[in-house]
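Engineer: Let me begin by handing over the structure; questions about it come next.
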Amino acid sequence: NRCQHCRLQKCLSLGMSRDAVKFGRMSKKQRDSLYEEVQKHRMIQQLQIPDEAEPSISTYLSTPARRVDRQTRPGREQTQAFSHSRNPKSETNYSLTEIQDSSATAGPELDHVIQNIVKSHRESCQFRTEAMQNLRWHTLSQIEIETYQKKSKQ
Numbered sequence: 001n002r003c004q005h006c007r008l009q010k011c012l013s014l015g016m017s018r019d020a021v022k023f024g025r026m027s028k029k030q031r032d033s034l035y036e037e038v039q040k041h042r043m044i045q046q047l048q049i050p051d052e053a054e055p056s057i058s059t060y061l062s063t064p065a066r067r068v069d070r071q072t073r074p075g076r077e078q079t080q081a082f083s084h085s086r087n088p089k090s091e092t093n094y095s096l097t098e099i100q101d102s103s104a105t106a107g108p109e110l111d112h113v114i115q116n117i118v119k120s121h122r123e124s125c126q127f128r129t130e131a132m133q134n135l136r137w138h139t140l141s142q143i144e145i146e147t148y149q150k151k152s153k154q
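According to the UniProt record's numbering, the stretch in the sequence shown is residues 1 to 154, in order.
Below, the structure is given as structure tokens:
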């Protein structure tokens with residue numbers, strides 16, 4: 001027979017998780033009661049999440065007042081939802097502009113979705129404008145830049 005520590009190490013070396021080792025050493029009654037408690041906790045969490053969670057984007061698209069017609073092409077009377085403005089001294093800025101159907105922007109839910117999209121983009125964007133400027137000047141020496149500029153003039 002081995003000590004408890006050695007058994008644990010052997011089980012871990014065989015690929016068992018600590019939880020598996022722990023559950024394996026419980027009595028069946030203890031294991032079943034713990035399993036029921038975990039299931040009850042998960043069910044409570046699932047019931048609380050729909051109240052707090054945001055509806056998916058398909059909810060917004062399927063709502064009749066906010067439905068997006070995907071077959072129409074934007075023309076002069078329709079403007080883009082986002083306008084992209086570049087400012088070399090600050091990070092990328094996005095601003096919401098007019099949309100053809102004003103009822104599509106009426107809800108605070110849509111504003112919240114837009115804010116989350118912009119926030120996610122800013123967090124996941126690999127390089128900001130300043131970083132790109134710095135990388136551009138660091139990758140080419142001043143001599144290389146001048147040589148390139150002279151070639152473009154000729």
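Backbone N, C-alpha and C fix where the C-beta goes; we use that ideal spot for every residue, glycine too.
1) Starting from ARG7, trace the alpha helix (DSSP H) both ways and give me its first and last residue.
2) Can you give me the C-alpha to C-alpha distance between GLN9 and HIS41, rounded to a whole angstrom?
3) For LYS119 and GLU130, what's the separation of their Cα atoms in angstroms?
4) Measure how close the beta-carbons of CYS11 and VAL21 come, nearest whole angstrom, since I'm counting them as under 8 Å.
5) Do you know how far the Cα of SER141 is from the Cα of GLN45?
Structural biologist: Put simply:
1) 4-13
2) 31 Å
3) 18 Å
4) Their Cβ separation, rounded to whole angstroms, is 5 Å, which keeps CYS11 and VAL21 in contact under 8 Å.
5) One C-alpha to the other measures close to 57 Å.
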